[in-house]
DNA sequence: TTCACCTTTCAGGATTTGCTGAAGGGTGGT
DNA sequence: ACCACCCTTCAGCAAATCCTGAAAGGTGAA
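Residue numbers (the numbering used here), protein chains in the order written: chain H, 130 to 384; chain Z, 130 to 384.
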């Protein structure tokens, strides 16, 4: 009746049990991959994580026992999927927490340009790519990944894409997928890939918000981009936020 | 460059470290209390959790080391607060996951009436109280708790309260607080207390959506309530199986 | 100052967790 | 039938985690 920490309380046990599964780098990364990039077979996971099969297998057995993942026999392969879409919420909340409580080098470590914005093949990654993805999902232009499919579908309200300068009618998926979620290994959050991701990058370049040096993967924000991108993308932090427009400054003492 | 599970990756380390802190019943409950009901002193926490001071102290030392909580000396008391409001998101995501992954009695265990709806002093608790709170926050009638204050403030859009039949002008906080968040020990999620919580219960009773038997804490849903409450409160599950052709929900409520 | 209290820290031992390496079922291709 | 491959499981050892009980800072009140 009163408040007491009872380890057998089903709600409490479920929460701590889930947290314990997420408290291991291998299990967490495997779940993030399943959540963001859809179903994987075990060797795909073992290859992506660069760990031995038995080691991964033990962790997958745990995840299966807690029914966090489901398995499906397909020939001699075993396909793993996230069991519940709710798990995605927990994973993103965990990843979003990320920086603020990050232990280690405290005080101003200026983020590298590649950490802020860079290209991943033909679409944008880094903080910018993550913010693009989050905004599109938030505003209903894109349906959030559910960990069960590897291709994303469009949402009911495409206005967010129009605001970014993307002409949706001009985007034609050829043999490539329209939109995929790609786990950003720096930020542990999804960024937008596929034909749509390329269209967003093209639009940002055409509007002069970012600039790309030939042969470089890092993207640099133009003055216009520094002004307008934080408005378009609520999650995208304004870089140094100082009145002096100094293109050489890179020290942002946030945190 | 490629995806590799590197335990020193700051984002990954931060996420697993946070998950590990949440993986203990005492730490999790303590954080939930701080997140939902505002600052506590250590003895208040030890009393609420019914654990010895040294045992709690060890856990609080961990939380302080990871900077999940902050401490403030006030006389000979030490006040603990949540360090970052972001932590609340992780806690609610964890708690919401709750049931789906709950190990133990699988398949239909009919929820007891008190688990669905009951009174807590003069306001409603249980699943109904939790859904009321979630809806008010979701629709902007109430500001989500931040773990730093113990009284809630109203949000920008009071329409959700009007929809529940509450006349906000008639609610006058006397010596009691207007609105507080109360950790529902069954569901590990906040429900609404304070004068506003009482007003909501009065409105539900006046509209004939729920009925209260004298001297009983359990609330029973009327037929009208069973029809209308799932419409008013998206998170509130309809008791029997129903087709519910409503694709507008942002989060799919499975199971 | 002295006392009472709140809070923190320490050392010991029991339990749990995680990795390595090898062996045990199943499936599909030849 | 055989072989190659994918996946799972097992045993043993190393490491981390957690609880109990006692003792050590500080603070405010008498």
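We put the beta carbon where it would ideally sit given N, CA and C, even for glycine.
Bridge partner(s) assigned by DSSP for residue i
i                      : result
residue 70 of chain H  : Nothing can be reported for residue 70 of chain H: it is not among the residues displayed for chain H, which extend from 130 to 384.
residue 271 of chain Z : Z/283
residue 184 of chain H : Bridge partners of residue 184 of chain H: none, in fact.
residue 247 of chain H : H/254 and H/347
Reference residue i; option with closest CA among the options
i                      : options                       : result
residue 280 of chain Z : Z/357, Z/166 and Z/150        : Z/166
residue 316 of chain H : H/140, H/158 and H/353        : H/158
residue 248 of chain Z : Z/352, Z/148 and Z/341        : Z/341
residue 203 of chain H : H/339, H/169 and H/192        : H/169
residue 352 of chain Z : Z/336, Z/313, Z/256 and Z/321 : Z/336
residue 253 of chain Z : Z/310, Z/218, Z/140 and Z/189 : Z/310
residue 223 of chain H : H/187, H/183, H/288 and H/149 : H/149
residue 266 of chain Z : Z/197, Z/172 and Z/321        : Z/321
residue 180 of chain H : H/161, H/155, H/190 and H/191 : H/155
residue 211 of chain H : H/365, H/277, H/330 and H/360 : H/277
residue 190 of chain H : H/205, H/178 and H/171        : H/171
residue 338 of chain Z : Z/257, Z/206, Z/272 and Z/318 : Z/257
residue 117 of chain H : H/146, H/332 and H/318        : Since the displayed chain H opens at 130 and closes at 384, residue 117 of chain H lies outside it and no answer follows.
residue 323 of chain Z : Z/344, Z/334, Z/301 and Z/185 : Z/301
residue 225 of chain Z : H/140, H/313 and H/146        : H/140
residue 312 of chain Z : Z/161, Z/182 and Z/135        : Z/161
residue 213 of chain H : H/360, H/274 and H/349        : H/274
residue 305 of chain H : H/251, H/219 and H/196        : H/251
residue 255 of chain H : H/366, H/196, H/146 and H/193 : H/366
residue 193 of chain Z : Z/146, Z/220, Z/221 and Z/205 : Z/146
residue 240 of chain H : H/360, H/349 and H/358        : H/349
residue 143 of chain H : H/182, H/219, H/282 and H/183 : H/219
residue 197 of chain Z : Z/283, Z/137, Z/215 and Z/344 : Z/215
residue 299 of chain Z : Z/205, Z/332, Z/176 and Z/187 : Z/332
residue 138 of chain H : Z/137, Z/358, Z/314 and Z/360 : Z/314
Residue i (DSSP reduced to helix, strand or coil)
i                      : result
residue 152 of chain H : coil
residue 252 of chain Z : strand
residue 350 of chain Z : strand
residue 230 of chain H : Note that residue 230 of chain H scores 34 on pLDDT, short of 50, meaning its location in the model is unreliable; the coordinates nonetheless yield the value given after this. Residue 230 of chain H falls in the helix class under three-state DSSP.
residue 339 of chain H : strand
residue 225 of chain Z : helix
residue 179 of chain H : coil
residue 139 of chain H : helix
residue 262 of chain Z : helix
residue 363 of chain Z : coil
residue 277 of chain H : coil
residue 134 of chain Z : coil
residue 242 of chain Z : helix
C-beta atoms of residue i and residue j nearer than 7 Å
i                      : j                      : result
residue 174 of chain Z : residue 264 of chain Z : no
residue 243 of chain H : residue 355 of chain H : no
residue 295 of chain Z : residue 328 of chain Z : yes
residue 217 of chain H : residue 209 of chain H : no
residue 290 of chain Z : residue 270 of chain Z : yes
residue 297 of chain H : residue 287 of chain H : yes
residue 164 of chain H : residue 152 of chain Z : no
residue 308 of chain H : residue 334 of chain H : no
residue 134 of chain Z : residue 178 of chain H : yes
Proximity test, residue i beta-carbon vs the ligand ZN heavy atom, cut-off 6 Å
i                      : result
residue 193 of chain Z : Among the components modelled here there is no ligand, and therefore nothing to report on the ligand ZN.
Inset, instruction - Run through the region 282 to 335 of chain H for me and flag every whole alpha helix (DSSP H) of 4 or more residues, listed as ranges in chain order. - result: DSSP runs (the alpha helix (DSSP H)) wholly in the region 282 to 335 of chain H: 288 to 292 and 323 to 335.
Legend entry - 3 or more residues per run - each beta strand (DSSP E) lying fully within the region 194 to 221 of chain H: Segments of the beta strand (DSSP E) lying fully in the region 194 to 221 of chain H: 198 to 203 and 206 to 211.
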